[in-house]
Amino acid sequence: MAEPHQSKTFPVKSKLKPKPRTPKQTPESKYWSSFKTQQIPNLISVPSFTFSPSQPYSFAAAHSASLSIYSSQTLSISSTISSFSDVVSCASFRNDGRLIAASDLSGLVQVFDLKSRTPLRRLRSHTRPVRFVQYPVLDKLHLVSGGDDGLVKYWDVAGETTILELQGHKDYVRCGDCSPVNMEMFVTGSYDHTVKLWDVRVTNTKSVMEVNHGNPVEDVIFLPSGGLIATAGGNSVKVWDMIGGGKLVFSMESHNKTVTSICVGRIGKDSGEESKQYRILSVGLDGYMKVFDYAKMKVTHSMRFPAPLLSVGFSPDCTTRVIGTSNGIIFAGKRKAKENVETESNDFLALGSRQEPERRVLKPSYFRYFQRGQGEKPSEGDYLIMRPKKVKLAEHDKLLKKFRHREALVSVLGSKNPENVVAVMEELTARKKLLKCVSNLDVEELELLLMFLHKYSTIPRFSSLLMGLTKRVIEMRADDIRVSDALKVHIRNLKRAVEEEIRIQLSLQEIQGNTG
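Quick note, the sequence shown lines up with residues 3 to 518 if you use my numbering.
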């Protein structure tokens, strides 16, 4: 006679699980969270950052009447330029990283040699504070600047003269950026709510194109393609299609206060869906940094800092992120690149270090092949047979397996795990045996059940099952409750708990405005 087939048994688990309070972290959120933040304190308000386009990608931070150069590898200060008579507002590296131009609130633009820290050129033409200065991409001879006099100037650096004086803004010019694909084109943003596109090849001094942001413009950048720009002002960041005639593509309004600075960051992963993709990083006076995916038009990551944020920068090699605050602290985030680790290990081996000899692969023709132990790791082509893990059953699971339903319910009521109790009740409900078990309980066992119902019936994730069960228990065992003083006490406690829960729910409805 054939042996009966024995089915697998699994422990019962509750279906009434609480919803997670925090959403699951996405791979992109893990990437941005991998930047280990450290503070660089003891500065005064940091309104501007700029990264060198050449290795080792040092960055300059403008603070008070100084310009400090930091190493992006160690985040330590390497030099400080203090040849300013007023507060430094902006800086820009030349494309070879040897020179840096900086502007201040006195209206002066200076060009410095990074090694000697001496001013090579002084460009004086603005009558009011200069708010931005920048070298065009792949152009070593010219500069673009704009200031509170409402003028945009295109400079010949060698001759210290103004080639073009561009008029058109009706208020302070606060920001600008040069095209990454054309060194003759750049954009400027102003407090007159407009962003203008300029082309130095045009003979007149009028802008080629203009878009209206709708708020005073705090920052504007070209996106890497050169056909899109992003503008920041008010609590919104907007993306515009300049090739399509200045069409608004999307408006991101995730900040609660004014957005002060934006930059482009690239995800430096080697693999995955998000690898080598560009994002817009924005910071604002609400203390938040937002990461915006302008391909999918959504915010993919958010991070809170303990002070209003004024500036943000991201290194070209995707390893350093810097954020400047109004209280003079730089939050510098550093992420170690895998490429560097591999390069260092290869260089170390190349110096003549002794490599361990490779272990010979075992083959079935070797005697040692059949003497392998359990610690031997499988080869790539081996077929693995997994040993099934033995399932450990609790006492109530063993009783349910033997169809001893009342004993299973009493056993689990004696434990201190409400999820197991609810799981057993759900299983008995599915078997249509729960009410029969309740009717067969003696007084002491019924007292255990009422104590459990008093403690957990008002908990939201269990109430859908337990409130209905409480009503049926009272109806079915009314005679036993009348003759037992101990059971009456539990019923009174249960009544108080339900009344308190109703009172709480009514007060919550009043807070929401549902007073009817």
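In this text, a Cβ means the ideal position worked out from N, Cα and C, and glycines have one as well.
Remember, predicted model here, so these are calculated numbers, not experimental data.
Member of D158, T129, L140 and G152 whose CA lies at the smallest distance from the CA of V113 | Distances from the CA of V113 to each of D158, T129, L140 and G152 were compared; the closest alpha carbon is that of D158.
Cβ of V266 within 8 angstroms of Cβ of P318?
-> no
The beta strand (DSSP E) spanning H171 covers which residue range?
-> That residue, H171, is in no beta strand (DSSP E); it is neither H nor E in DSSP.
How would you call G512, buried or exposed, if buried means at least 16 neighbouring beta carbons within 10 angstroms?
-> Position check: residue 512 holds Glu in this sequence, whereas Gly was assumed. E512 is exposed by the Cβ-count criterion.
Can you give the Cα-Cα distance for S56 and G515, rounded to whole angstroms?
-> 60 angstroms
In the structure shown, what three-state DSSP assignment does H195 receive?
-> coil
Look at the Cβ atom of M244, then the Cβ atom of I231, and state whether they are nearer than 8 angstroms.
-> yes
Secondary structure at C180, three-state DSSP: helix, strand or coil?
-> strand
If you drop the 5 nearest sequence neighbours on each side, which residues of the same chain put their C-beta closer than 7 angstroms to that of H303?
-> The beta carbon of H303 is closer than 7 angstroms to those of E30, S31, W34 and V293 in its chain, skipping five residues each way along the sequence.
Counting along the chain, where does the beta strand (DSSP E) carrying R119 start and finish?
-> No beta strand (DSSP E) contains R119, which DSSP labels as neither H nor E.
Start-to-end residues for the beta strand (DSSP E) that takes in S413 = Per DSSP, S413 belongs to no beta strand (DSSP E); it is in the alpha helix (DSSP H), H407 to L415.
Go ahead and label R505 buried or exposed: buried means 16 or more other beta carbons lie within 10 angstroms of its beta carbon, across all protein chains shown.
-> Label assigned to R505: exposed.
Under a three-way DSSP split, which group does E346 fall into?
-> With a pLDDT of only 41 at E346, under 50, the local geometry of the prediction cannot be trusted, and the value read off the model is given with reservation. Helix, per DSSP.
Give the secondary structure of R306 by DSSP, where H, G and I count as helix, E and B as strand, and everything else as coil.
-> DSSP places R306 in the strand class (E or B) of the three-state scheme.
Please list, in chain order, all residues of the same chain as E341 whose beta carbon is under 7 angstroms from its beta carbon, the five residues on each side excluded.
-> Any answer about E341 is weak, because its pLDDT of 46 lies below 50 and its placement is not dependable; what the coordinates show is given next. So the list is empty, once near-sequence residues are dropped.
Considering M427, what are the terminal residues of the beta strand (DSSP E) in which it resides?
-> Premise fails: M427 lies in the alpha helix (DSSP H), P420 to A432, not in any beta strand (DSSP E).
Collapsed DSSP secondary structure at Q357 in the structure displayed = Legend: pLDDT at Q357 = 49, less than 50; position of this residue unreliable, no value from coordinates given.
The region 482 to 498 contacting the region 451 to 465, beta-carbon criterion three pairs below 8 angstroms | yes
Can you give the Cα-Cα distance for S367 and G383, rounded to whole angstroms?
-> Answer to the nearest angstrom: the Cα atoms are 16 angstroms apart.
Could you spell out the range, first to last residue, of the beta strand (DSSP E) harbouring P213?
-> It is Val, not Pro, that sits at residue 213 in the sequence shown. Note, V213: beta strand (DSSP E), M211 to N214.
Go ahead and label G326 buried or exposed: buried means 16 or more other beta carbons lie within 10 angstroms of its beta carbon, across all protein chains shown.
-> buried
Taking 7 angstroms as the cut-off, is the CB of R96 close to at least one heavy atom of the ligand MG?
-> As for the ligand MG, it is missing from this structure, which has no ligand bound.
Simplified DSSP state of D487, which is helix, strand or coil | helix
If you drop the 5 nearest sequence neighbours on each side, which residues of the same chain put their C-beta closer than 7 angstroms to that of L430?
-> H407, L411, L436 and C439
Check whether A93 and S50 have beta carbons under 8 angstroms apart = A contact, by the Cβ cut-off of 8 angstroms.
Considering only residues of the same chain and omitting the five flanking positions on each side of I83, which have a CB-CB separation below 6 angstroms?
-> L69, F114 and R119
Give the range of the alpha helix (DSSP H) segment to which H456 is assigned.
-> That run of the alpha helix (DSSP H) goes V445 to Y458.
Quick one: residues in its chain with C-beta nearer than 6 angstroms to the C-beta of F224, no 5 flanking neighbours on either side, listed in chain order?
-> Closer than 6 angstroms at Cβ, skipping near neighbours: D179, S181, P182 and I231.
Would you call the CB atoms of L107 and S91 closer than 8 angstroms?
-> yes
Exposed or buried, which one is K198 when buried takes at least 16 other CB atoms within 10 Å?
-> With 16 or more Cβ atoms within 10 Å of its Cβ, K198 is classed as buried.
Start-to-end residues for the alpha helix (DSSP H) that takes in E1 = Given a span of 3 to 518 for the chain in the structure shown, any question on residue 1 remains unanswerable.
Are M185 and D151 touching if we call contact CB-CB under 8 angstroms?
-> no
Where the alpha helix (DSSP H) containing L437 begins and where it ends = Counting along the chain, the alpha helix (DSSP H) containing L437 begins and ends at L436 to S441.
Near S66, which residues of its chain fall below 8 angstroms by C-beta distance, leaving aside the five closest residues on each side in sequence?
-> Within the same chain, S66 has close Cβ partners L45, I46, S47, V89 and V90.
Where do the ends of the alpha helix (DSSP H) carrying F464 lie?
-> P462 to M478
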